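For reference, the structure discussed in these notes is given below.
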Amino acid sequence: MVLFVLCIKAELDGVESLSLLKNTNLCFSVRNPLSDYETREKIVFNPSETLEQDEGDREPPHHFAVRWEGAKKFSTLIVLNEEEAKSAFKKLKKKGGKKGSGGGGEADVPRDMTSDDSGEYVPMLAMECRGVEPYAFHPLGNEFKVISEGGACFEDDVDLSDGDWGDYDEENDAAVGVNEFESKIITA
């Protein structure tokens with residue numbers, strides 16, 4: 012089992028927090044870690060729904076599965092909830108896991124991005140993978156929720172697929188925006 016973390020970076024303008032919605036479709040590209048040429052581009056799954064399994068399956072409930080060419084078993088991807096992610100990171104620290112192998116020590120328990128994090132990579136989603144390696148995140152639109160500094164909530168039409176999003180907080184007479192959106196996937 013390998014733990015992968017989706018990290019998000021953006022410039023926040025008038026935004027208190029940026030968070031990943033729990034009940035939405037997410038799009039990733041994945042590859043076979045044992046082969047350079049076996050990939051699945053832009054697979055889509057919902058972290059709040061697990062795939063149906065046969066009664067005799069030994070695999071734990073998972074969100075995505077693929078059987079690579081010549082493989083006997085399915086390779087699986089499981090999105091970890093907050094408790095599972097904390098537990099997985101605690102186990103990694105006990106084993107002396109690689110702290111921040113992504114470059115800046117950001118391999119940590121996923122959380123929301125706040126205005127203090129503007130311009131820094133923030134861990135937002137943890138995935139436990141067996142025989143599959145996510146390597147790219149593709150925003151589809153509507154995966155994110157934005158809370159303005161004035162407290163207004165924007166859940167619909169927060170589309171970061173072009174790298175930028177903006178709106179207007181009418182209650183507080185202020186512009187809000189998420190700019191220069193980037194993502195990367197690191198090994199915890």
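Residue numbers (this note's numbering): 12 to 199.
Each residue gets a CB set at the ideal place from its N, CA and C atoms; glycine is no exception.
Keep in mind it's a predicted model, so treat the numbers as computed, not measured.
With DSSP collapsed to three states, give me the class of residue i.
i: leucine 32; result: coil
i: serine 159; result: strand
i: phenylalanine 100; result: helix
i: aspartate 127; result: helix
i: glutamate 93; result: helix
i: tyrosine 179; result: strand
i: glutamate 27; result: strand
Can you list, in chain order, the residues of its chain whose CB lies under 6 Å from that of residue i, leaving out five sequence neighbours each side?
i: alanine 96; result: Val120, Pro121, Ala137
i: aspartate 24; result: Gly188
Quick one: what's got a C-beta closer than 7 Å to residue i's C-beta in the same chain, skipping five residues either side?
i: leucine 103; result: Leu14, Ala199
i: serine 59; result: Lys33, Asn34
i: glutamate 154; result: Leu31, Leu32, Thr35, Leu37
i: glutamate 80; result: Glu49
Would residue i and residue j be called neighbours here (beta carbons separated by less than 8 Å)?
i: asparagine 57; j: leucine 151; result: no
i: valine 208; j: valine 77; result: Outside the modelled stretch of the chain, which goes from 12 to 199, sits residue 208, for which no answer is possible.
i: aspartate 175; j: phenylalanine 192; result: yes
i: glutamate 144; j: lysine 156; result: no
i: tyrosine 146; j: isoleucine 89; result: no
Taking the beta strand (DSSP E) that residue i falls in, what are its first and last residues?
i: glycine 188; result: 185-198
i: alanine 21; result: 13-24
i: glutamate 70; result: Element bounds for glutamate 70: n/a, residue is neither H nor E.
i: proline 145; result: 144-148
i: phenylalanine 85; result: Segment: none, phenylalanine 85 is in no beta strand (DSSP E) and carries neither H nor E.
i: arginine 51; result: 50-56
i: alanine 141; result: Correcting the residue type first, residue 141 is arginine in the shown sequence and not alanine. From DSSP, the beta strand (DSSP E) with arginine 141 extends over 133-141.
i: serine 40; result: 37-42
Between residue i and the rest of its own chain, which residues show a CB-CB distance below 8 Å, the 5 nearest in sequence each way excluded?
i: arginine 51; result: Ser40, Val41, Arg42, Val77
i: aspartate 128; result: Leu23
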